[in-house]
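Protein chains in written order, with this note's numbering: chain G, 26 to 220; chain P, 26 to 220; chain Z, 26 to 220; chain V, 26 to 220. Every residue gets a Cβ at the ideal spot worked out from N, C-alpha and C, and that includes glycine. Some notes on the structure that comes next.
Number of protein chains: 4
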Amino acid sequence: MAKPNVISKDALIKCAKESLANNGINKFTLKSVAEVAGVTQGTIYYHFRTKEQLLLAIVQDISKNSWADISQKSNQYIISEAIASAKNRCSYDSYFHKLFSTLLVSSFNNEEMRMQLGEIVLNENNALTQNLSKFWPKSPIDGVSLETWGVLLTAIVDGLALQALLQKDFPVEKTYKEVEQLFNSLSNLLYEENQ
Amino acid sequence: MAKPNVISKDALIKCAKESLANNGINKFTLKSVAEVAGVTQGTIYYHFRTKEQLLLAIVQDISKNSWADISQKSNQYIISEAIASAKNRCSYDSYFHKLFSTLLVSSFNNEEMRMQLGEIVLNENNALTQNLSKFWPKSPIDGVSLETWGVLLTAIVDGLALQALLQKDFPVEKTYKEVEQLFNSLSNLLYEENQ
Amino acid sequence: MAKPNVISKDALIKCAKESLANNGINKFTLKSVAEVAGVTQGTIYYHFRTKEQLLLAIVQDISKNSWADISQKSNQYIISEAIASAKNRCSYDSYFHKLFSTLLVSSFNNEEMRMQLGEIVLNENNALTQNLSKFWPKSPIDGVSLETWGVLLTAIVDGLALQALLQKDFPVEKTYKEVEQLFNSLSNLLYEENQ
Amino acid sequence: MAKPNVISKDALIKCAKESLANNGINKFTLKSVAEVAGVTQGTIYYHFRTKEQLLLAIVQDISKNSWADISQKSNQYIISEAIASAKNRCSYDSYFHKLFSTLLVSSFNNEEMRMQLGEIVLNENNALTQNLSKFWPKSPIDGVSLETWGVLLTAIVDGLALQALLQKDFPVEKTYKEVEQLFNSLSNLLYEENQ
DNA sequence: CATGAATGAGACTTCATTCAT
DNA sequence: GATGAATGAAGTCTCATTCAT
């Protein structure tokens, strides 16, 4: 039978991501991926040596498409955009955070994957720190370095996402509005001090 | 009251938690739980109708032992204690956060479990807010409610834990020192304003 | 469903040996073993951790039942019996030699198995040497030790079996008659020399 | 005459033999052959209709290169040479005997192959008998025909090889020295009798 | 000629679950 | 109460084979 060129590796990864986010890690089977992709399981094995390799490819794909990588170009609204993007991903059904936590849990058994996920977060931190430094010549709070602000912002974004994942009625709008308020107030602190 | 079996339900839950945190959800099998507990699989079925019931029991157990439940009693150092306890749990091998994220991911397929986990987080938020209000008569930043401070603090704690889970060399000490610094600075803002 | 006590480990080994000798290593599947045994594949895994372990158990079983082990008790016809037994096993359809060569080939990928098979052969050699020494106070041919006679006899038995496995019309009767003749002539050499 | 392809049929057979001897029959896959040969699986199918055909080709190739075929030309040291060659092949890692036993086991499911292997052995026997007759005008032992001596010698060679395959420390040198001694003694018997 | 992509059957293995004892 | 033996469905993975290009 053997139709050639039915599917590309990237398409397979996309299908796998879908299957993973929808079914969760428990039901993330190669059969389900194959069904989503409309190919046979054997085809998956032609492209990926094992299921783990496929999971790893998903992680790499996410890394490649991560916000940190995308937002390298300078931009005066970059922080606002970052926060807006984070808010969008903050929901009970967040595809991204479901996927990410699923991968996190998988990574407990796969050191390589864990390292790659770690790097993704690290990049996120660094990107935030770098962009923050464009607004804040120095930290608005003594004793809290700009690097730590990057770390804390990332933590807040992920932590809020976690809460949203677990509470159907989590007040995303309200919370993010106040986060922005907080950010502005901190900026003001700096400004006043400068006067 | 419970008639003590050769192995008690609670002991079984404890073993299950261990197995879950150590092996991850993928290898969380009743066989492995049975091995850890030193009983046979049949015995588990004597205590729990299904595997899901066991997982749910784990969640309930965690809820019962959560920080929020424990720290009801008033205490002037309560916030410092909370932060210290969070810092302790913030590590590459954190039993608690591995367990929690594993349950989170499991809950994507189990609404009841998800709700219970959601409540745990909610209680955590509320406990923090309540304790914060003992220090802060009002929010140190206009436009950011005390409730939101509770939410944000929880988010920070969880978000930092996530980063620590993924980065072997995450600077736990440094970060938490600055978090405390931040907390003190915010308190000072309030105090100065009051002058 | 789960009927208890359907089959014993030993019965399983026996079925496995049958399946192995009949189907050859290529078609030696756990499914086929299960079918022969009238159980499900899962049952096999309850008794043996892997397919390899089952193969190993077969080897051990053969070792336990090997001629060398059985013929420990002294017996004045022991050599004749050994030859008769070897002759019986020497045929185009020899269950034993099919099984043994199959295991031999499997052992190329399994050092433990190979060692155990090696020991079986070694025991066979030693048993033969020991029994020979009851007939031959010394070797009938100068320069050929009794140990080597044991080795050579084993080699002949195995080598003839190999030929019989590959030739439908191999003259088993004739060959073994002449082997016995050879043995007697060698004994005579010793006797004459003694005169 | 054969139009040379990028890879010739013979080269493919050689690679297949290597793969077979190295990996054993279990891992003798067309993929592995293709890898050794540096071509793709499809290419193998261009040369051989099925996997079995390839195995058969291997057998034929061995037959063509067998000692019996090569040593047709008369030679007064032919027996010594045969024994020396047999000794060389007698080792724990013997490529030839690993290959041969693997094919033997495969042939249990393939009558055509089995017949061809049978013929190889038969030729070996006959060649030995023929060469023996150049040294021995008649059998040195009454009741043991020259044909049977050929059969027995082949059996010894194969049987010893089997033992060497299974025992890392099998005393090849010692054993073969004594085999030669045996051969000489038998020759002497004849000579003395003739006096 | 040769290949690369795909297939599908079937292998080994795991595991939640059942049930007679 | 507890267990050990068994089940069967489902999962991961392998491999001979096919075929359009």
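Just checking my contact of residue i with residue j at CB under 8 Å: how many whole Å lie between their CB atoms?
i               : j               : result
V84 of chain P  : Q141 of chain P : 5 Å
L187 of chain P : L171 of chain P : Contact doesn't hold; Cβ gap of about 25 Å is too wide.
A41 of chain Z  : V58 of chain Z  : 5 Å
K201 of chain G : I108 of chain G : It is worth fixing the name first, because residue 201 of chain G is Tyr in this sequence and not Lys. Confirmed, Cβ separation roughly 7 Å.
N135 of chain G : E77 of chain G  : 6 Å
Between the Cα of residue i and those of the options, spot the shortest distance and give me the residue it belongs to.
i               : options                        : result
E218 of chain P : P:W161, P:K123, P:Q188, P:Y117 : P:W161
L191 of chain V : Z:A46, Z:A111, Z:N148          : Z:N148
I237 of chain P : G:Q188, G:L124, G:S212         : Because chain P in this structure spans residues 26 to 220, residue 237 of chain P falls outside the shown range and cannot be described.
L129 of chain P : P:K56, P:K34, P:I50, P:L215    : P:I50
L177 of chain P : P:N48, P:E77, P:F208           : P:F208
K159 of chain Z : Z:K34, Z:I104, Z:E77, Z:E137   : Z:I104
E43 of chain P  : P:F195, P:F121, P:E136, P:T173 : P:F121
N48 of chain Z  : V:S210, V:E144, V:S131         : V:S131
T173 of chain V : Z:R139, Z:K199, Z:L79          : Z:K199
F53 of chain V  : V:C115, V:L79, V:R74           : V:L79
G143 of chain Z : V:R114, V:E137, V:F195, V:Q66  : V:F195
So, residue i versus residue j, is the Cβ gap smaller than 8 Å?
i               : j               : result
I181 of chain Z : V146 of chain Z : no
I69 of chain V  : L55 of chain V  : yes
V169 of chain Z : Q206 of chain V : yes
T179 of chain P : L153 of chain P : yes
A46 of chain G  : K123 of chain G : yes
D86 of chain G  : I38 of chain G  : yes
N151 of chain Z : G175 of chain Z : yes
A189 of chain V : S119 of chain V : yes
K112 of chain G : V197 of chain G : yes
Y117 of chain V : K193 of chain V : yes
S126 of chain G : S126 of chain P : yes
Would you say residue i lies against chain Z (beta-carbon separation less than 8 Å)?
i               : result
Q188 of chain V : yes
F133 of chain V : yes
E198 of chain V : no
M26 of chain V  : Residue placement at M26 of chain V cannot be trusted, given a pLDDT of 36 that sits under 50; the coordinates are not used to answer.
T173 of chain V : yes
L177 of chain V : yes
T75 of chain V  : no
L215 of chain V : no
G184 of chain V : yes
Can we count residue i as close to the ligand ATP, meaning its CB is less than 7 Å from some heavy atom?
i              : result
E60 of chain V : The model depicted lacks the ligand ATP and carries no ligand whatsoever.
Within 8 Å of any Cβ in chain V, is that where the Cβ of residue i sits?
i               : result
I87 of chain Z  : no
D167 of chain Z : yes
R139 of chain Z : yes
K123 of chain Z : yes
V64 of chain Z  : no
T54 of chain Z  : no
V130 of chain Z : yes
S57 of chain Z  : no
Is there a Cβ of chain P sitting closer than 8 Å to that of residue i, yes or no?
i               : result
Q192 of chain G : yes
G49 of chain G  : yes
V3 of chain G   : Nothing can be reported for residue 3 of chain G: it is not among the residues displayed for chain G, which extend from 26 to 220.
Q78 of chain G  : no
S105 of chain G : no
V146 of chain G : yes
Please decide whether residue i counts as near chain G, where near means a Cβ-Cβ distance under 8 Å.
i               : result
I181 of chain P : yes
E43 of chain P  : no
G8 of chain P   : Examination of residue 8 of chain P is not possible in this model, given that chain P is present from 26 through 220 alone.
Q155 of chain P : no
P29 of chain P  : Its pLDDT being 46, under 50, P29 of chain P is placed unreliably in this model, and the value from its coordinates should be taken loosely. It does not; no Cβ of chain G falls within 8 Å.
E203 of chain P : yes
L81 of chain P  : no
S170 of chain P : yes
Check: Along the chain, which unbroken stretches of the alpha helix (DSSP H) at least 4 residues long are found entirely within the region 55-111 of chain Z?
Finding: 55-62, 66-72, 76-89, 92-95
Next item on the list: Ignoring anything shorter than 4 residues or poking outside the region 127-208 of chain V, list the alpha helix (DSSP H) runs there in chain order.
Entry: 136-160, 171-191
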